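Undergrad:
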Amino acid sequence: MKIFRYFLALGLLCSVTACQDDFLETLPLNAPSDKLFWKTDQDAIFWINQAYRDLPGAGDYVFNAMSDDAYTPTTANGVIANGTYETTSSIVGFKWGYSTIRHCLELLARIDEIPNMSPELNKRLKGEAQFIIALKYMEMTTLYHDVPLVDKVLPLAEADIPKSSKEEVVKYALGLLDTAIPNLPVRYPSAADNGRITKGAALSLKARLLLYNDRWAEAAAAAKAVMDLNEYQLHPKFNELFLTSFNNKTKEVILAYQYAQDLSVHTLQFSYSFYQVGGTGASLPLPDLVNSFESKDGLPIAESPLYDPLKPFENRDPRFAQTFITPFEIFAGIKYDPVNNKDDKTQAKTYIYYRKYIADMVNQQRSSWVNWIIFRYADVLLMYAEAKNEASGPDETVYAALDQIRTRAGMPKVDRAKYGTQATLRQFIRNERRVELAAEGLRYYDILRWKIADQVLNKTVVSFTIPGVLPLQNIEKRVFNPAKNYVWPLPQTAIDNTKNLEQNPAWK
Amino acid sequence: MKRKLFCGLLMLLCLRVVAQERAVTGTVRDASGSPLVGASILVKNTTRGTTADANGKFSLNVPTSSQVTLVASIIGFVTQEFPLSASQTSAEITLNEDNKKLDELVVVGYGTQKKINLTGAVGSIDAKQIENRPVTNVAQALQGRIPGLLVTQTGGQPGSENIGLRIRGISTLNGNDVLVIVDGIAMSMQNLNPNDIESISVLKDAASAAIYGARASGGVILVTTKKGQAGKTRVTYDGYVGMQTPTRMPKMVNAYQHALLFKEAELNDNPNTTALTYTDADIEKYRTGELPSSDRLGYLFTSAPQTQHNVGISGGNETSNYFISLGYLKQGGIMRNTGYERFNIRTNNNFKVGKRLDIGIMTQFAPSLQKAPSEATFPNGPTRALNDYIFEAFRRGSVYPIFTSDGQWASVTGWANRFGLESEDGGFARERLNRLTGAINVNYRIFDGLSIRGIYSGKFDQTRRLDYSKRMKFISPVDLKTVDFDYNTNSMLTANQTNYQHNLQLLLNYEKTLGAHNITLLGGFSREWNQDFQETVGRRDFLTDEIYVVNAGSANTQTWTTNGSASEWAIQSFFGRANYNYKGKYLAEAIVRYDGSSRFAAPVRWGVFPSFSAGWRISDENFLKDNRIVNELKLRASWGQVGNQNVALYQFASSVSTGAYYFNGLPNTTAFYSGTPNPDLTWETKRTVNIGVDAGFWNNKLQLTADVFQDRTKGILLQPPVPDTYGRGRVFQNVGVVDNKGWEIELRHLNQIGTFRYSVSAQLSNARETVVDVGGQGTRISGSTITEVGYGVNEWYGWEADGLFQTEEQVKASPFQNVKTGPGDIKYVEHGGNANTITADDRVHLGRQTPQYLYGMNVNLSWKGFDLAAFGQGIGSRLTYMSSLAGWAFDNNLASALTVHLDRWTPETPNATYPKTRIGGVNKAFSSYNMQNSAYFRLKNIQLGYSLPTALIERLKITRLRVYVSGENLLTFTKLAAFDPEAPNGSGNFYPLNKVTSLGLNLSF
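These protein sequence lines map, in sequence, to chains A and B. The working numbering numbers the first residue of the first sequence as 84 and each following residue consecutively. The working numbering numbers the first residue of the second sequence as 6 and each following residue consecutively.
If you want it as C-alpha cells, here you go:
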C-alpha cells in the first residue's frame, strides 16, 4: 500500500501543477516578441534598414530586355517584349510592393512610441521610410497605373481596398517626398552610413516621379534643386562608375543598392557576359541600341563620315567601348568569338554583350558586388534637360547640362544649330539618355512614358551584322498592342486574393 | 503469494495421493505443422496442466488408471479435447485456427479491448502482414492494408522516405496529420524496425480517437512492439538480401531527337528565325553519332542492394518475460551516392513484483546513418539540394555529355555539371540520427478490479549532419582542356539537433462485473512536452578536401555561417473512458478528454472532446443464436468530437526577426515582423458520426466489416489568402467548415480444404469532402487550385482545353488567346468575362485533387510447407498535374523533352497527344490539357515461401526454417505518362520509388 501512497502523491502533484498554467506557457525561444520592440533608437534604425533590402537592385537588369535595348532568351522575362505575357506571368508581379510599403508604414506609426529619441533622428528615419514608400508607388504607378493606395497600417479586415487613380497615388507619393526632403540630411557624417537616403536622393526621386508623369516644370525644378545642392558632380571617368572598387567612392552616385563581398552579392556577370567566361547571355544588346551611339565626331552613324559598316566598332562615342563587349575582343582574358567558337556562337544571338557593370569581372567569376545605381547625377542632368526642354523649350541651362555629360564622355558639345528646336532637341535628349544610361534598367520606363513602345517594340528583332563577318540573324517577332501593353495587368494572384480589386480594363 | 503457495501445496498433496501415474509427451501444432509455442495443455476437469515449449512439445503426468482427456488451447485457435486411451503415452495434437477469434484483442487508446466488444471504427493489422516485406519504414507496410487509410509515398530516398498518411480522406482545409503513437509515445515511425512490430491499430472515427483529444482529428495510429511470452527461450532469425531498381522511370529523348525537336520548336515560336541553336550539320552529327548522346537518367539511377538481418530472443516465466531484438538494415540508394544504414536494439521486459505490482521497462536505441550527396554551396554557386540533382537529369538534354571523351567531368552549358557535384567527387553529406526511446511502466493493483498505472516515456533524438562539398573543375567537352567552370570554393556545414520529448501518464483502471453487467472505467492524466535545439556552423575555403572539421576552414569570418534556433511546446490532458456491456450483447462507451496546449494563448487554450458509442451484437440474441449462416453480427454506432492543433508554434505572438543590409559594404542589422500573429487562435473541431457493421458467415469463413461515416470540421485552422495590400503574410485563423462523407468495406474469406488453406481479402473505401464555408475572403484561389463552397478542397482550377487548333481559321474564329497562338496549339474554352479573349475569368473547376476509391487485395495460400502471399493496392481515380519538365517539352530554353513528347502536333500528325512544340510561354499555362488521371493498380508484394518439414529440422533443434522469395512493387498498371503513378504533382524531380526482389530466411529455435 506504500506504493499506492506514492502514486497518490504523484497524482496530487500533477493536478496541482496542472492548475498552474505555467507548464503550457511557452514563448518564442528564437526571436524577441513585439512586446519588447519599439523601445530604443536602435529598434527603429534596424527597422528602416530592412526596407533598404527592397530598393531596386541588380535584378532590375531584366528591364533592359523588356525594351528595344536588348533581347533575352529567358522565357520568363522575354514575354514582356514579345507581347506574350498574361495576367498569370510571374514577371507581372515583379514590382508589386505592398509588403515594403507596410513595413515602412509600421515605422511611421510606431516610431513616436520610442522614448527619448531626438527629433532629428525621428524625422530622418521617417524621411527614409517616406522615400521608400514613394519609390514603390513610383514603380507601381508607372507599370500598373491605377493601384490601391495604402497610406496607413491597415487592419486585415480593412485591407481589401479598391484601386485609386494614378494621379491620386502620385499625389500621395509627392506629398511624402515633400515631407521627407527637408528632414533628410544632405550627407551623413559617417562613411558607415554610405548608401542611406539623402536629401539629394529624395529630390532626385521627386524629379523622376514628376518626369514620369509629364509634369515638366516641376520635374525641372526638382532636378535643379539637386544641382543646387552642390553636393554632386559627374565622375571624371565614365567607366569607373561601374567598377566594384568605386562603390561609394564617387561624387556622382546619389543612391545605390549596397552590395558587399561574400555577404551580399549578385550575379549580373552571368547575365551580361558571354559563354566562354561563364555568362548566360540573359540580356543581349540589340542593334537598335548599338546604332544609337554616335560616332566620335558627334554625328549619328547614318550621317557620320567616320562610320564604316565593315568596322562598325571604331571611331564611336567613347562610351561605346565602355558599354559593350564586341566580337573578337579579349575580355576577362578570353577572346570572345561568336564566329569560330561554337558555344559563344550559339548563345550570342545578337553578337553584342554589355560591358557596363561587369568590366572588372574575371573569367568564371560567380558573384559580384558592384553597387547597382538607383540615382546618379548624370541622370539628374538628363532629367533636368528633358523636363526643361519640354516645359519651355531649349535654353542655355539645358545645353549646359547636356554639355557636362558630353564633355565627361569625351564627346563634342551639343550642336546648338542642329538641335535648336524643342522637337530636335527632344530627339537628341532621348538618344543621349538612352546612350548614357544603357544597361541601367531605365529604358523600358522611358519608352512607356514617351509612348513610343508601339513603334519600337512592334517589330522583328534581328542580330547585329557586319557584312561578310557576322551574318544577319532573324531572332524574334515582337508584338506590342498599344491598347493593352502600355499598362501591365495586376498580378492575377493579387486579384484572386481579394474581392474589391479589379483587373486593369485592358486586361479583362 | 499466499494463495499460490496454497495451490502448490494442494497439488503436491494430490501427487502424493495418486500414486500411479504415467508420463505423456506430445507436440501441439497448427494445421500447417508449425509448433504452437505456449499452447496450454490441461487434464480435463483438473487443475493439472502445462504449456508447450518452443518446439511445441510438452510433457505431462496423468493418472494411469482412468481414461483422461487433454484439453489443448491457445489464443487464436479452436480449443480441442484429446482423449487418451488408458495406456497412451504420446499425443500429437493439431489445433485448427479459430476464425471466430472471440478473444482477439485490439490495442485502443491507453489499453486494449476485445475486438468483439469494439464500438468504434478501428482497423488493425498484426506482425504477419508486415513480416518479410523489404520495407524500411513501417508506414510503407500499411499501404493498402486498412480501408480508409491512404498511404502515399512521394519519394524513395533511403532513410527519408516521404510518406504521407491520411485517414478517411480530407476533412479540413489545411492539413491534419495522423497522430502516431508508438508504445504510448507520440512520435514518427522513423527508425522503427518493422520486425519489432506486434500490431498496429488505426483509430478512424472520433469515438475511438477522442481519447487523444486535441491531436486526433486526423485519426490515430497506435504501434505496439513485441513482448516476451512465458515459456522456453526462443531465438529467431529473419533476414533477406535483395536488389532494388527504380519503379517506373521516364525516358529522355536522345541527342538527335533533342536537336531536331528544339529546332522545330524555335521555328514554331518564330517561323522566320535564322538564329537557330542547332544547325542542320549539327543535327546530322547527332544522328550519325559523331556527336555523343548521353543517357542522363540511366546514369543517375541504377540498381542497388538492400539487406536486413534481425535476431530476436524472447522468453519468460510466471514472474517475468523478456524480448530482445537486434536489427540491422543496409539499403543502397538507387540514386548514386545515396544510402542508408540502421541498427535497432530493443528490449522489452516485464516483471511481477509480489502479487500487486507489475513493472515494465522498454528501451530502444536506433542509430542510423544516411548517406547523400553534398548540398553545401556558396553564395551564387550552383544550387545543390537533392532535388536539384534529380532535376538535373531532366532539365538538360542528352546533347550535354556527362563526361568528356577522355573521362573528365564535362561542363554543362559552360556551367557546373550537377552530376559531378552529386558524385563523391563533389562531396558528401552524412546524417546520423541517434534515437533513444524508453519507457517505464508501473502498474499496481489496489484491489481486485482497481489498478493504477504510472508511465514515464521519453524520446531523445540526436541528429548530427556533416555536409562537405569539394573543389571540382568542369572541363569543356569540346577542347577537353578549358576549365569552363571552376568550383574552387569548398565548404562544410555541420548541424546538430537535439530533441527531447517527455510524456508522463497516470491511469486509473477499474473493472467490475455485476451479474450480466460488465463495467470498465479509465481515468487518466497526461503531460507531454518537447524541446528542440539546433545549431549549424559552416566555413568555406578549406586547405584540403580531406579534413572535415570546422577549424580547418578559412579564417575569414565574413565567410563563416552560424545559425542556432530553439523551440518548445507542451500539452496537458485529463481524460476518462467508461465501457459498459450487458451480457456482451449490448455495448456502450463514453469518452471525454480535456486538453490544454501551449500552441494557443491562455484564454483559448483548453478544449473538451467528448464521444459516445454503442454496439449491439445481434448474433447473441436468441433469434439469431445458432443460425447456420450468420454466426456473428454486430452493429456499431458512434458520435464524437476531436481536435486539430496543427499550426506552427507561437502563432499567438508577433515576433521580430533580424537580417542584414550592407551600408558601405559592411553588415548592419535589420529587423522585421516574421509571421502574422493571432492571439485568438484555438482548436479546430471535427465531429464524426460513424455507423458500422461486423459480420461473420458460415463459421466466419466469410467476414465482412463495413462502415459509413460523416464528419463536419469547424473553426478550421487556416491561413486564408490576405489581400496583398495588407502587406503582411497570411495569418492563421479559425475559419471555414468542411463536410466529409465516406464509406469503407472489407471482405475476408478464409477456408481450409485438407492441407490446402487459403484466405482472400479485399477492401475498398472512399471519402468525399465538400466545402461548406471558406471564411475570410470567400473563394480561395491559389495558383492552379481553388477552394469554393460546394466543391472539394483545393480542386484544380484553370482553363478548360478543347483539343488543339488545326487551322488558322479555327484560331481566328475563336476568342483571342495569345499573339503567337496558331494551329497545333491548345484551344481554350471561353467561359465568361470578355468574350473575345481568353482571360483569367475563363478559368473553371477542373476536378478534385483528392484521390478517390482506394482499394487493396490480398491472397494467401498455403499447402503443406508452401505458402504464397500476394498483395495489391491501388487508387481508382486521381487527377495529377505533371508540370514544367515533366509535363511538356522545353520548359525553358535550356530544357529538354521526354520521349513521350515526341508524339506532338505537326501538320502531318494532327491527332498527336501533345501540342505543337514550343520554347516560349505558349501552351504552358495551366489547363485541363495538362491534367492526367493517375489511377493505378500495383502488385505491391508477392511472396513465395517454403517451410521445411518439422521432422527434417527437429534433429537440428530447429523449430522453423522457412525460405522465401519476395518481390515488392513488381507490377504497376497506370495510364499516367512516363512517371510512377504515385509521383507527386509537379515537375517530376522526386527520388524514385524502388522495386525490390529479395531472397529471405526465417529461422527459429
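Glycine included, C-beta positions come from ideal geometry on N, C-alpha and C. Because the structure is a prediction, the values reported are computed rather than measured.
#1: Quick check on the DSSP output: what are the complete beta strand (DSSP E) runs of length 3 or more inside the segment 691-719 of chain B, in order along the chain?
#2: Does the distance from the C-beta atom of W571 (chain A) to that of Y220 (chain A) stay below 7 Å?
#3: In chain A, which residues lie less than 8 Å from F490 (chain B) when you measure between Cβ atoms?
#4: Under 7 Å between C-beta atoms, does W455 (chain A) make it to chain B?
#5: Just to confirm the assignment: which complete alpha helix (DSSP H) runs, minimum length 4, are found wholly within the segment 219-302 of chain A?
#6: If you draw a straight line from the alpha carbon of D537 (chain A) to that of V927 (chain B), how long is it in whole angstroms?
#7: Hey, quick one: how far does the beta strand (DSSP E) through I445 (chain B) stretch, first residue to last?
#8: List the residues of chain B that T429 (chain A) touches, going by C-beta distances under 7 Å, in chain order.
#9: Within a Cβ cutoff of 6 Å, which residues of the same chain sit near K588 (chain B), ignoring the five residues on either side of it in sequence?
#10: Would you report the Cα separation of T480 (chain A) and A468 (chain A), rounded to the nearest angstrom?
#11: Just the chain A side, please: which residues come within less than 7 Å of N897 (chain B) by C-beta, in chain order?
#12: Given this structure, state the Cα-to-Cα distance separating N651 (chain B) from L331 (chain B), to the nearest angstrom.
#13: Whole-angstrom Cβ separation of G54 (chain B) and V42 (chain B), contact assumed at under 8 Å?
#14: Are any of the Cβ atoms in chain A nearer than 7 Å to that of R733 (chain B)?
#15: Please name the residues in the segment 920-943 of chain B whose beta-carbon is closer than 9 Å to at least one beta-carbon of chain A, in chain order.
#16: So, for K719 (chain B): in the same chain, excluding its five sequence neighbours on each side, which residues have a beta-carbon less than 6 Å away from its beta-carbon?
#17: Which residues bound the alpha helix (DSSP H) around P395 (chain A)?
#18: Can you grab the Cα-Cα spacing for the pair F642 (chain B) / A902 (chain B), in whole Å?
#19: Just the chain B side, please: which residues come within less than 7 Å of Y135 (chain A) by C-beta, in chain order?
#20: Counting only runs of 3+ residues fully inside the segment 478-519 of chain B, write out the beta strand (DSSP E) ranges in chain order.
#21: Exposed or buried, which one is T581 (chain A) when buried takes at least 16 other CB atoms within 10 Å?
#22: In its own chain, which residues sit with a C-beta less than 6 Å from the C-beta of R967 (chain B), not counting the 5 before and 5 after it?
#23: Identify, in the order they occur along the chain, each residue of the same chain with its Cβ nearer than 7 Å to the Cβ of A212 (chain A), setting aside the five sequence neighbours on each side.
#24: Is W533 (chain A) close to chain B, meaning its C-beta is less than 7 Å from at least one C-beta of that chain?
#25: With a cut-off of 7 Å, does the C-beta of G140 (chain A) fall near any C-beta of chain B?
#26: Have a look at A364 (chain A) and Y666 (chain B) and give me their C-alpha separation to the nearest angstrom.
#27: For the beta strand (DSSP E) containing T352 (chain B), list its first residue and its last residue.
#28: Would you call the segment 702-717 of chain B and the segment 150-163 of chain A in contact, with 3 or more CB pairs under 8 Å?
#29: With DSSP run on the structure shown, which of helix, strand or coil describes Q617 (chain A)?
#30: Note down the Cα distance separating S287 (chain A) from N587 (chain A), rounded to an integer number of angstroms.
#31: State the Cα-Cα distance for the pair Q575 (chain A) and I244 (chain A), rounded to the nearest angstrom.
#32: Could you tell me which uninterrupted alpha helix (DSSP H) segments, each at least 4 residues in length, are contained entirely in the segment 192-222 of chain B, listed from first to last along the chain?
#33: List the residues that DSSP assigns as beta-bridge partners of R582 (chain B).
#34: The alpha helix (DSSP H) with K475 (chain B) in it runs from where to where?
#35: Within 10 Å of its beta-carbon, does V1011 (chain B) have 16 or more other beta-carbons around it, so buried, or fewer, so exposed?
#36: Tell me the DSSP secondary structure of D807 (chain B) in three-state form.
TA: Per the coordinate set shown:
#1: Counting whole runs of 3 or more residues, the segment 691-719 of chain B contains the beta strand (DSSP E) stretches 707-719.
#2: Looking up residue 571 (chain A) in the first sequence gives position 488. Looking up residue 220 (chain A) in the first sequence gives position 137. Their beta carbons are not under 7 Å apart, which means W571 (chain A) does not touch Y220 (chain A) by this criterion.
#3: For this step, residue 490 (chain B) is matched to residue 485 along the second sequence. The contacting residues are G361 and Q447.
#4: Here residue 455 (chain A) is taken as the residue at index 372 of the first sequence, counted from 1. Taking Cβ atoms only, chain B never reaches closer than 7 Å to W455 (chain A), which makes this a no.
#5: Entirely contained in the segment 219-302 of chain A, the alpha helix (DSSP H) runs reaching 4 residues are, in chain order, 249-266 and 282-295.
#6: Along the first sequence, one-based indexing puts residue 537 (chain A) at 454. Along the second sequence, one-based indexing puts residue 927 (chain B) at 922. If you draw a straight line from the Cα of D537 (chain A) to the Cα of V927 (chain B), it comes to about 22 Å.
#7: Stepping through the second sequence from its first residue, residue 445 (chain B) is reached at position 440. Taken as a continuous stretch (DSSP letters only), the beta strand (DSSP E) holding I445 (chain B) covers G432 to F452.
#8: Taking the first sequence and counting its residues from 1, the one referred to as residue 429 (chain A) is at position 346. In chain order: T282.
#9: Numbered from 1 along the second sequence, position 583 holds the residue referred to as residue 588 (chain B). Cβ-Cβ distances below 6 Å link K588 (chain B) to A521 in the same chain, with the five nearest sequence neighbours on each side left out; the list follows chain order.
#10: One-based indexing of the first sequence puts residue 480 (chain A) at position 397. One-based indexing of the first sequence puts residue 468 (chain A) at position 385. Computed Cα separation, rounded: 8 Å.
#11: Taking the second sequence and counting its residues from 1, one reaches residue 897 (chain B) at position 892. One finds T158 in chain A with Cβ atoms closer than 7 Å to the Cβ of N897 (chain B), taken in chain order.
#12: Translated into the one-based positions of the second sequence, residue 651 (chain B) becomes position 646. Translated into the one-based positions of the second sequence, residue 331 (chain B) becomes position 326. Those two C-alpha atoms are separated by around 35 Å.
#13: Stepping through the second sequence from its first residue, residue 54 (chain B) is reached at position 49. Stepping through the second sequence from its first residue, residue 42 (chain B) is reached at position 37. Approximately 16 Å separates the beta-carbon atoms of G54 (chain B) and V42 (chain B); this is outside 8 Å, ruling out the contact.
#14: Numbered from its first residue, the second sequence carries residue 733 (chain B) at position 728. Chain A, which has a Cβ nearer than 7 Å to the Cβ of R733 (chain B), makes this yes.
#15: So the list reads I924, G925, G926, V927, K929, A930 and F931, given in the order they occur along the chain.
#16: To locate residue 719 (chain B), count along the second sequence from 1; it is residue 714. The residues are T690 and V742.
#17: Walking along the first sequence from the start, residue 395 (chain A) turns up at place 312. Bounds of any alpha helix (DSSP H) do not take in P395 (chain A), whose DSSP letter is neither H nor E.
#18: The residue given as residue 642 (chain B) occupies position 637 in the second sequence. The residue given as residue 902 (chain B) occupies position 897 in the second sequence. Looking at the sequence itself, residue 642 (chain B) is Ala, so the reference to Phe does not match. Each residue's Cα considered, the two are about 54 Å apart.
#19: Position 52 of the first sequence, counted from the first residue, corresponds to residue 135 (chain A). Ordered by position in chain B, the residues that pass the 7 Å Cβ test against Y135 (chain A) are Y666.
#20: As far as the segment 478-519 of chain B is concerned, its whole beta strand (DSSP E) runs of at least 3 residues are 488-492 and 496-519.
#21: The count along the first sequence starts at 1 and reaches residue 581 (chain A) at position 498. Classification for T581 (chain A): buried.
#22: The residue given as residue 967 (chain B) occupies position 962 in the second sequence. Once the five neighbours on either side are set aside, the close Cβ partners of R967 (chain B) are G950, S952 and N1007.
#23: Counting from 1 along the first sequence, the entry for residue 212 (chain A) is found at position 129. Here the set comprises I131, A134, C187, L190 and L191.
#24: Position 450 of the first sequence holds residue 533 (chain A). With 7 Å as the cut-off, W533 (chain A) does not count as an interface residue toward chain B.
#25: Start at 1 with the first residue of the first sequence, and residue 140 (chain A) comes out as number 57. Contact with chain B is absent for G140 (chain A), since none of that chain's Cβ atoms lies less than 7 Å from the residue's Cβ.
#26: Along the first sequence, one-based indexing puts residue 364 (chain A) at 281. Along the second sequence, one-based indexing puts residue 666 (chain B) at 661. The sequence as given places Gly at residue 364 (chain A); Ala does not occur at that position. If you take the alpha carbons of G364 (chain A) and Y666 (chain B), they lie about 29 Å apart.
#27: Counting from one through the second sequence, the residue named residue 352 (chain B) turns up at place 347. Annotation: the continuous beta strand (DSSP E) that includes T352 (chain B) extends over G344 to V358.
#28: Touching, no, given that fewer than three Cβ pairs across the two stretches are closer than 8 Å.
#29: As shown, chain A starts at 84 and ends at 591. That puts residue 617 (chain A) outside it, with no answer to give.
#30: Position 204 of the first sequence, counted from the start, is the residue given in the question as residue 287 (chain A). Position 504 of the first sequence, counted from the start, is the residue given in the question as residue 587 (chain A). Cα-Cα distance, rounded: 29 Å.
#31: Here residue 575 (chain A) corresponds to residue number 492 of the first sequence, with the count starting at 1. Here residue 244 (chain A) corresponds to residue number 161 of the first sequence, with the count starting at 1. Going by the C-alpha atoms only, they are around 16 Å apart.
#32: Runs of the alpha helix (DSSP H) inside the segment 192-222 of chain B: 211-214.
#33: The residue you call residue 582 (chain B) lines up with position 577 of the second sequence. According to DSSP, residue pairing for R582 (chain B) in a beta bridge involves B:L527 and B:I596.
#34: On the second sequence, residue 475 (chain B) is found 470 positions in, with the first residue counted as 1. Counting along the chain, K475 (chain B) falls outside any alpha helix (DSSP H), and DSSP gives it neither H nor E.
#35: Shown here, chain B extends from 6 to 1010; a query on residue 1011 (chain B) therefore has no answer.
#36: Position 802 of the second sequence, counted from the start, is the residue given in the question as residue 807 (chain B). In the structure shown, D807 (chain B) sits in a strand (DSSP, three-state: E or B).
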